[in-house]
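Asks:
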Amino acid sequence: MTEHSPIYFQVADDLESLIVAGKYLPREKLPSENELVEKYQVSRLTIRRALSEIERKGLIYRRHGIGTFVSPYPQMNTFGFGGFTERCQKLGLETSSEVIKVGIIDDLPNYFINKLNFSKDNYPDNRYYIVERIRKIEQKSVAFETAYLPLGLYPALSDEYNPGTSLYQFLFNKYHVKRLYTQSIILPYISSKKEAERYFIKEGTPLLEVFFSVWGKAQQIVEYTHSFYTRDFPLRFRWED
Numbered sequence: 001m002t003e004h005s006p007i008y009f010q011v012a013d014d015l016e017s018l019i020v021a022g023k024y025l026p027r028e029k030l031p032s033e034n035e036l037v038e039k040y041q042v043s044r045l046t047i048r049r050a051l052s053e054i055e056r057k058g059l060i061y062r063r064h065g066i067g068t069f070v071s072p073y074p075q076m077n078t079f080g081f082g083g084f085t086e087r088c089q090k091l092g093l094e095t096s097s098e099v100i101k102v103g104i105i106d107d108l109p110n111y112f113i114n115k116l117n118f119s120k121d122n123y124p125d126n127r128y129y130i131v132e133r134i135r136k137i138e139q140k141s142v143a144f145e146t147a148y149l150p151l152g153l154y155p156a157l158s159d160e161y162n163p164g165t166s167l168y169q170f171l172f173n174k175y176h177v178k179r180l181y182t183q184s185i186i187l188p189y190i191s192s193k194k195e196a197e198r199y200f201i202k203e204g205t206p207l208l209e210v211f212f213s214v215w216g217k218a219q220q221i222v223e224y225t226h227s228f229y230t231r232d233f234p235l236r237f238r239w240e241d
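Quick note on full-length UniProt numbering: the sequence shown kicks off at 1 and runs consecutively.
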């Protein structure tokens, strides 16, 4: 989110970052509208529009006369979770990728930074490699994925990685990255006009929005991916308390 975005988007982005980072827990009541007005120094209308934007994503719900609460979203914790290509290969499925965007960025949205705990202390080169792809199974688009990786950990990534191939395998072969722990936050999502135009789908298509984090050695997050999955993706997960 940039400084040129509408104020209510900036407020929504900050609140979303706090929810995704776990500052507000599932079913926890958010501050009142008056408290949010005071905190962000904006109008009540701006706060209401920001809350409506977050509610549209399924992150919060409102109880009339009581307040606004964080949705009890499902979380998935797994070990040794492979990449998209590897998971599909195990199912005997043919995969391919359509690259939408590749590049280097100097900053991330607030909720990515909070979630990943990226800092200049951990990553002297505070830039990030970004690769955005449409993932396909049997030529059908099933996932829309944006991966963020700190260049401080992968200095040769922008020169040597072919974004049409498995990122998981490249990181393992080139940098010997071992996924010690992964976590996904899974949310229901209805595609907006933005996603419809970017990924060539119908506006209003039901999707699963997935925030996927990967921890490596020394408790460093070595990869972060933001994805949207269609109902055609063979996603399997188990619930854990």
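Yeah, the Cβ is synthetic: ideal placement off N, Cα and C, and Gly gets one too.
Pick out the complete alpha helix (DSSP H) segments inside the segment 139-208, 4 residues or longer, and give them in chain order.
Replies: Segments of the alpha helix (DSSP H) lying fully in the segment 139-208: 157-160, 167-175, 193-199.
Asks: What residue from Lys101, Ser166, Gly152, Leu93 has the CA that sits closest to Ile137's CA?
Replies: Of the listed residues, the one whose Cα sits closest to Ile137 is Leu93.
Asks: For a test of the three-state rule: what should DSSP assign to Tyr40, helix, strand or coil?
Replies: In this structure, Tyr40 counts as helix in the three-state DSSP scheme.
Asks: Go ahead and pull the three-state DSSP assignment for Lys217.
Replies: Here Lys217 sits in helix by DSSP.
Asks: Determine contact between the segment 198-207 and the segment 158-176, defined as no fewer than three beta-carbon pairs at a distance below 8 angstroms.
Replies: Cβ pair count under 8 angstroms is below three, so no.
Asks: Which residue marks the beginning of the beta strand (DSSP E) containing Ile134, and which one marks its end?
Replies: First-last of the beta strand (DSSP E) with Ile134: 128-137.
Asks: How is Phe69 classed by DSSP in three states: helix, strand or coil?
Replies: Strand at Phe69.
Asks: In the DSSP assignment, the beta strand (DSSP E) including Glu98 goes from what residue to what residue?
Replies: Residues 95-105.
Asks: Mapping the DSSP letters down to three states, classify Leu15 as helix, strand or coil.
Replies: Three-state DSSP puts Leu15 in a helix.
Asks: Contact defined as beta carbons within less than 8 angstroms: I believe Gln183 pairs with Ser213. What is the distance between those atoms, to the nearest angstrom?
Replies: Yes, Gln183 and Ser213 are in contact; Cβ-Cβ is about 5 angstroms, under 8 angstroms.
Asks: Taking 8 angstroms as the threshold (C-beta atoms), are Gly67 and Leu30 in contact?
Replies: Going by C-beta atoms, Leu30 is nearer than 8 angstroms to Gly67.
Asks: Using DSSP with H/G/I as helix, E/B as strand and the rest coil, what is Tyr24?
Replies: Of the three classes helix, strand and coil, the one that applies to Tyr24 here is coil, per DSSP.
Asks: DSSP has Ile210 in a bridge; who is on the other side?
Replies: Looking at the sequence itself, residue 210 is Val, so the reference to Ile does not match. Ile186, Ser227, per the DSSP bridge assignment.
Asks: Short check: CB of Ile47 to CB of Glu33, under 8 angstroms?
Replies: Yes, they are a contact pair.
Asks: Using a 10 Å radius around the Cβ and a threshold of 16 neighbouring Cβ atoms, would you call Thr230 buried or exposed?
Replies: Its Cβ being crowded by 16 or more others within 10 Å, Thr230 is buried.
Asks: Alpha carbon to alpha carbon, how far is Ser227 from Met76? Give it in angstroms, no decimals.
Replies: In this prediction, Met76 has a pLDDT of 38, which is less than 50 and means its spatial position is unreliable; what the coordinates show is noted afterwards. Cα to Cα, the separation comes out at about 15 angstroms.
Asks: Taking the straight line between their C-alpha atoms, what separation do you get for Pro22 and Arg56?
Replies: Here residue 22 turns out to be Gly, not Pro, going by the sequence shown. Gly22 and Arg56: Cα-Cα distance of roughly 19 angstroms.
Asks: Under the DSSP definition of a beta bridge, which residues are partnered with Lys29?
Replies: Lys29 pairs with Phe69.
Asks: Any idea if Gly83 is buried or exposed, counting beta-carbon neighbours within 10 angstroms, 16 or more meaning buried?
Replies: Flag for Gly83 reads buried.
Asks: Under a Cβ-count criterion, where at least 16 other Cβ atoms within 10 Å of its own Cβ denotes burial, should Tyr61 be classed as buried or exposed?
Replies: It is exposed - the Cβ of Tyr61 has fewer than 16 other Cβ atoms within 10 Å.
Asks: Could you tell me which residues DSSP pairs with Arg48 in its beta bridges?
Replies: Paired residue(s): none; Arg48 is not in a bridge.
Asks: Nearest-angstrom Cα distance between Tyr224 and Lys101?
Replies: Going from the Cα of Tyr224 to the Cα of Lys101 covers about 16 angstroms.
Asks: Buried or exposed: where does Pro150 fall if 16 or more other Cβ atoms within 10 Å of its Cβ makes it buried?
Replies: Buried, because 16 or more other Cβ atoms sit within 10 Å of the Cβ of Pro150.
Asks: Pick out whichever of Ser43, Ser96, Ser71 has its Cα sitting closest to the Cα of Thr165.
Replies: Ranking the options by Cα distance to Thr165, first place goes to Ser96.
Asks: Measuring only the C-alpha atoms, how far is Lys193 from Glu209?
Replies: C-alpha separation (whole angstroms): 16 angstroms.
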